[in-house]
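Here is the structure we will look at, set down as structure tokens.
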Amino acid sequence: MNSSALPADDHRREDPHFEEPEFSANIELVKGLRSIAEKSGRTVAQLAIAWVLRRPEVTAAIVGARRPFQIEETVAAAESLLSREDITAIDMLLSKRQKALNLS
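FYI, in this note's numbering the residues of the sequence shown are 70 to 173.
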């Protein structure tokens, strides 16, 4: 799939992240993140927020929400700790994506 499969009025049609090869690399990354999240009882969003907040170079994360449950997810993510195993697995997935896109 790529941006041509999206509706004509969808803003993602103009976004290079939805073009190949980046689109496929992003899908693979999300599949891996979903697996890690499910093992720890989190959503992918909670996993991502928890990972960002544990990065030493990050002082704050700006997280948007459209629905009340998303605020609850964000609070839970901010309070959760990632295991070393989770952090290593996430870092490996990100490295794999970079290599797939020749970014490393």
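The beta-carbon is built from N, C-alpha and C at its ideal position, and this holds for glycine as well.
{"Query": "Drop a sphere of 10 angstroms on the beta-carbon of Arg-111, count the other beta-carbons inside from all chains shown, and report buried for 16 or more, exposed for fewer.", "Result": "buried"}
{"Query": "With DSSP collapsed to three states, give me the class of Ser-93.", "Result": "helix"}
{"Query": "For the stretch 95-138, list the alpha helix (DSSP H) runs that are entirely contained and at least 4 residues long, ordered along the chain.", "Result": "113-122"}
{"Query": "My output table needs one value for Leu-170: the three-state DSSP class, helix, strand or coil.", "Result": "coil"}
{"Query": "Report the rounded CA-to-CA distance for Glu-88 versus Ala-169, giving the unit in angstroms.", "Result": "14 Å"}
{"Query": "Is the Cβ-Cβ distance between Thr-143 and Ile-118 less than 9 Å?", "Result": "yes"}
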